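Chemist:
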Amino acid sequence: MARRNDDQTRYRIFTRRAMLIGAGQAALLSTLAGRMYYLQILESDRYATLAEDNRINLRLLAPPRGRIIDRFGLPLADNVQNYRVVLVREQTRDVAWTLDALGQIIELSDYDRERVLRETTSKRAFVPVTVRDNLTWPQVSRIEVNAPELPGVSIDVGRTRRYLFGDPMTPVLGYVSAVSESELTGDPLLELPDFRIGKNGVERQHDLKLRGAAGTSQIEVNAAGRVIRELKQRRNEAVPGKELVLTLDAELQLFVHEQLAAHESASAVVMNVENGEVLALGSAPSYDANAFSLGISPDYWGTLVNDPLSPLTNKAVAGLYAPGSTFKMMVALAALGAGASPGDLAFCRGWLELGNARFHCWKKHGHGWLDMIGGIKQSCDVYFYELSKRTGIDRISEMATRFGLGQPLGVDLPGERPGVVPTREWKLGAIGEPWQKGETLVTAIGQGFILATPLQLAVMVARIASGRAVTPRVTRGFREVEGEGPVVGAEAPVFAPLDVPEAHLKLVRQAMDAVVNEKKGTAYWRRIAKEGWEMAGKTGTSQVRRITKAERDEGVKKNDELPWRFRDHALFVAFAPVHKPRYCCAVVVEHGGGGSKVAAPIARDILTEVQRRDPSAAQGLPLLASSQVREG
Amino acid sequence: MDFTDLSSPRNPRLKFSQKLAQISWGLIFLVLALGASGVAMLYSAADGSMEPWASRQMVRLGAGLLIMSVVALFDIRFWFRQSYLIYLGALLLLVAVEVMGSTGMGAQRWIDLKVIRIQPSEVMKVALVMVLARYFHGLASDDIGRPTLLLLPLALVLVPTALVVKQPDLGTSAMLLMVGVAMFFIAGVRMWKFGVLVVAGLGAIPIGWQFLHGYQRQRVLTFLNPESDPLGSGYHTIQSKIALGSGGLTGRGFLQGTQTHLEFLPEKQTDFIFTMLAEEFGMLGGLGLLGLYTLVFVYGAAIAIRSRNHFGRLLAMGLMINLFLYVFINIAMVMGLIPVVGVPLPLISYGGTAMMTVLISLGLMMSISIHRDVRIPRTGLNTEL
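Chains as they are written, first to last, in the working numbering: chain X, -4 to 627; chain Z, 117 to 501.
(1) Could you compute how far the alpha carbon of F397 of chain Z sits from the alpha carbon of Y331 of chain Z?
(2) On the DSSP letters alone, give me the boundaries of the beta strand (DSSP E) that A569 of chain X sits inside.
(3) Thinking A209 of chain X and R191 of chain X are a contact (beta carbons under 8 Å), I'd like their distance in whole angstroms, please.
(4) Can you tell me whether V415 of chain X is helix, strand or coil according to DSSP?
(5) Count the other CB atoms within 10 Å of the CB of G222 of chain Z; is the residue buried (16 or more) or exposed (fewer)?
(6) Beta carbons nearer than 7 Å to chain X: which residues of the segment 371 to 384 of chain Z have them?
(7) Give the residues of chain Z in contact with E38 of chain X, contact being defined as C-beta atoms less than 9 Å apart.
(8) Report yes if the CB atom of M451 of chain Z is closer than 8 Å to the CB atom of K384 of chain Z, and no otherwise.
(9) Name the chain X residues that come within less than 8 Å of H426 of chain Z, Cβ to Cβ?
(10) Checking the sheet assignment: what are the DSSP bridge partners for D151 of chain X?
(11) Can you list, in chain order, the residues of its chain whose CB lies under 7 Å from that of L286 of chain Z, leaving out five sequence neighbours each side?
(12) When the distance is taken between beta carbons, is M481 of chain Z closer than 8 Å to G434 of chain Z?
(13) Apart from the five residues on each side of it in sequence, which residues of its chain come closer than 6 Å, Cβ to Cβ, to T87 of chain X?
(14) Just the Cα atoms here: how many angstroms apart are V268 of chain X and A509 of chain X?
(15) Which first and last residues belong to the beta strand (DSSP E) in which H355 of chain X is found?
(16) Since K533 of chain X sits in a beta bridge, which residues does DSSP pair it with?
(17) Counting only runs of 4+ residues fully inside the segment 169 to 249 of chain X, write out the alpha helix (DSSP H) ranges in chain order.
(18) Straight-line CA distance for A256 of chain Z to P382 of chain Z?
(19) From the beta carbon of M221 of chain Z, is the nearest beta carbon of chain X less than 8 Å away?
(20) Can you find a C-beta in chain X that's less than 8 Å from the C-beta of F119 of chain Z?
(21) With a threshold of 8 Å on Cβ separation, who are the neighbours of L268 of chain Z within its own chain once the five nearest residues in sequence on each side are excluded?
(22) Does DSSP put T26 of chain X in a helix, in a strand, or in coil?
(23) Under three-state DSSP, which class holds T466 of chain X?
(24) Please compile the residues from chain Z whose C-beta is within a distance smaller than 7 Å of the C-beta of Q228 of chain X.
(25) State yes or no: is the beta carbon of M399 of chain Z nearer than 8 Å to at least one beta carbon in chain X?
(26) Go ahead and label E585 of chain X buried or exposed: buried means 16 or more other beta carbons lie within 10 angstroms of its beta carbon, across all protein chains shown.
(27) Just how far apart, CA to CA, sit L34 of chain X and L293 of chain Z?
(28) What does the Cβ neighbour count give for V186 of chain Z, buried or exposed, with the cut at 16 atoms within 10 Å?
(29) Can you tell me which of the three DSSP states D128 of chain X falls into?
(30) Only counting the same chain, and skipping five residues up and downstream in sequence, which positions put a Cβ closer than 6 Å to that of N231 of chain X?
(31) Would DSSP call V482 of chain X helix, strand or coil?
(32) Short of 8 Å Cβ to Cβ, which residues in the segment 16 to 42 of chain X face chain Z?
(33) Could you compute how far the alpha carbon of S199 of chain Z sits from the alpha carbon of I437 of chain Z?
(34) For R229 of chain X, which residues from the same chain have a beta carbon less than 7 Å from its beta carbon, with the 5 sequence-adjacent residues on both sides left out?
(35) Report the neighbours of N52 of chain X on chain Z: residues whose CB is nearer than 8 Å to its CB, in chain order.
(36) Roughly how many angstroms lie between the CA atoms of R391 of chain X and G410 of chain X, to the nearest whole one?
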């Protein structure tokens, strides 16, 4: 019986210990339940958020860039589909084999081949690698037809900027190109690999408005980053960029470019003298902005950079030239302001002496007696030497500044340069020497220190013609929706009067009329014969070298005999019609020779064309000033 | 002395039909319920496909149930007799794996028999409980207090534990040690001796740290601060908690668990399958599964208490504790309560060996239940059955 009793003892101990174990287990199971409550109820929201973060990738949707159209609505820059062929490694058995097969269908450079092989191994297997982009339609269809034999190969569509007219528009439009490191602002849009931003022209000036706003789409991804699906209901579409309406008349711009391109290097600006709208702004040689959209080739870039004619510079706003005789109107106005009379006569014997220096007129044997209108008409240098001696550099500089020279005019184009209107202070500051009397004489014929851009010369003429402080612009406004709705822009500007007596301006206009439309005028042979379309203008020939006394004694060399880079710049400024000015024009042909011979015909043709194209009614797209929008 | 017990009507050899009648159908129902949950989760883990896991798990479950029934129908006295032999066999296997075992997951754990792969440490979990039950069955209540008689069972625990540590498999060796200690406890070893053990154990921690492999130390450190290395060794814990927590009260729904289906959660079909269940079925699903397991534990405890032989009591209780340790360690691990150790969730996780161990354990429990009235003398069985 002892054994049984002992078994009962053991049983008693066992049951007690089993109870304790059971209690311990119950406690531990409760811990698990408690932990579950903590994680799944108390902290549930936090973990739900973390779970979303895990699986949702935010993707930026690049907005389509706004179009650029001319004043009549003609598209100058838009976006086109860019077809590219991509390869997904995991969908093909052998990348090299597939590339060989693809190489039979479209041309594949060794460079592209190497790059694709490298990228497919370094990137994850499901990431598409671009093999070639910018495919033509025939190439796309050839690939699509052969798709069954090309596993892992597919066609992807992107957007590329397209400039419809190429070179002629580039000075105004500029171009877009890939974002460089220094241009990153923290906007994630800029970090998209295919994103392009404006680098020059209005593309750069109005980049933010053209750019639009990024949209987002939410993509569900797995732990390896593979896209599972897009969550459609959470998609937030991109806001397209605004459509930019230029003041430009595209056909006139083409015409202007054609005229300029006939010369090595030339630029021109055509403006409305009343409202400052630039109708054409050309700079030749130019370049094809399309080359930048897809990534410019190093060869083409090298050609552009090393070209001595600097095609990358927009010479209409950044080219600095001595204005030559086109500056004489400023001297005349300054003299009139200082009390000179238009009837004051001066005698030109071909030169004038000041101290022991001799200042020559372009006409070796002199003009004889001239009044002010005659001085401008025949562009007599001696007359203006005399006039400037009496007027002084201070008044001349002040007048030039009032007409827009020596300062940036605030045109909405990048790279505008201020030029130089010399004053006593300027010379002391810039050169460190006091002003010399002879320098006033040199300035009076637009030589020496003074420098101006073609745009400034155009504005100067616009101000002479209108009597108001006209400023230039190339933008009329923007439209929210491509191709429809009103153009919202700045109010049609009302420019302040110049504070120059109308009688003085009238006299200068009369003189400019004489330059073109009277016999003996320096541009008489370049006049517009059609009645009511006549232009008034002023020639300018600016020297780029000093003519020595020895050379003058031997006889000044003719331009044609000099190397190109030593030849004179040919300038011409004009407005038309002469009695009711609406348009003005400035033309500079670098090293072109005489202003009347080379620049004036271009200006004549341009001003004829602009008037021919001027159905006064067709002012372009209806403009809705922003103030009107607010009222509406 | 009552030697008549062996042949008395109260200690019979049961007929086959009698045994069948005694089978614990409730336990079988629980096993089927758990197994079905496992298959369902594996179906979900494969994004709604029977391949590659669910179908094979079903085959294994079927085979396992067969083996469980066979084990259950063997007389408890047979298992009593074979205890030492089985333990010896398991020990030999452990040594064999040490000598020639193939390396799986960077550790020597498997013996490849072409047809099946045996994980000796899993076999040892059952064998250790059996041998300790057998040994303590033979000790009178007075003998339990004699330290010299505790030396042999201590060696029985420590030798296999040491072998498994060397594999290295921290989770399994810890389980062996814990189940061994639990056997000492239910056998009636004095409480103060466990106190000594705890003190000694704490003292051994710095020494044991020296013997840990680099990755094992890393796991412990990561457990203490998982966010310190979110993409490295802390990744499992963090992702598991995110998946679990985002399940909320009712879960995302069957096949709808985003974290697991998007592969943020590794090993979702094996050690982390509970996370997946809790993400898809929420806290209610998790508690439901915990409830099923609790019923299994209660069953085990009831079988132990109702058994009329001490071997059966100790064995049933030990096997139940072993099962409990699987469940607790696995779930506590996926919820970030303890470090990440490779312990599967019984009957749910994909994998054959652990399922066999668990079903054999349950078969033994059933055998104890069927033969609960069988008496086994403390001194053992000398007669042939």
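A virtual CB, placed ideally from N, CA and C, is assigned to each residue, including glycine.
Everything numeric in this text was worked out from a predicted model, so none of it was measured.
Modeler: Let me spell this out:
(1) Our two residues, F397 of chain Z and Y331 of chain Z, have alpha carbons roughly 33 Å apart in a direct line.
(2) H564 to A571
(3) A209 of chain X to R191 of chain X, Cβ: 14 Å. No contact.
(4) Three-state result, V415 of chain X: strand.
(5) The predicted model places G222 of chain Z with a pLDDT of 47, which falls under 50 and marks its position as unreliable, so this point remains unresolved.
(6) T374, Q375, L378, E379 and F380
(7) Simply K357 and G361.
(8) no
(9) Residues of chain X passing the Cβ test: D2, R5, Y6 and F9.
(10) For D151 of chain X, which the question treats as bridged, DSSP gives the partners X:R79.
(11) Spatial neighbours of L286 of chain Z in its own chain (CB-CB distance under 7 Å, excluding positions within 5 residues in sequence) are listed in chain order as Q332 and V457.
(12) no
(13) Taken in chain order, the residues that qualify are T93, P146 and G147.
(14) 20 Å
(15) A352 to H355
(16) X:V568
(17) Taking only runs of at least 4 residues, the alpha helix (DSSP H) segments lying wholly in the segment 169 to 249 of chain X are 196 to 200 and 202 to 206.
(18) 50 Å
(19) With a pLDDT of 47 at M221 of chain Z, under the threshold of 50, the predicted position of this residue should be treated as unreliable, though the coordinate-derived value follows. Interface with chain X (8 Å Cβ-Cβ cutoff): M221 of chain Z is excluded.
(20) Its pLDDT being 39, under 50, F119 of chain Z is placed unreliably by the model, and the measurement read from it follows with that caveat. False, the Cβ-Cβ gap to chain X never drops below 8 Å.
(21) Y251
(22) helix
(23) coil
(24) Near Q228 of chain X there are no residues of chain Z at all, since even the closest Cβ is about 16 Å away, more than 7 Å.
(25) For M399 of chain Z, the answer is yes, since a Cβ of chain X falls inside 8 Å of its Cβ.
(26) buried
(27) 30 Å
(28) So V186 of chain Z counts as exposed.
(29) coil
(30) G210 and T211
(31) Reduced to three states, the DSSP call for V482 of chain X is strand.
(32) I16, G17, Q20, L23, L24, T26, L27, A28, R30, M31, Y32, L34, Q35, I36, E38, S39, R41 and Y42
(33) 18 Å
(34) Taken in chain order, the residues that qualify are Q213.
(35) Residues of chain Z passing the Cβ test: none, with the nearest at roughly 11 Å.
(36) What sits at residue 391 of chain X in the sequence shown is Ile, not Arg. About 27 Å.
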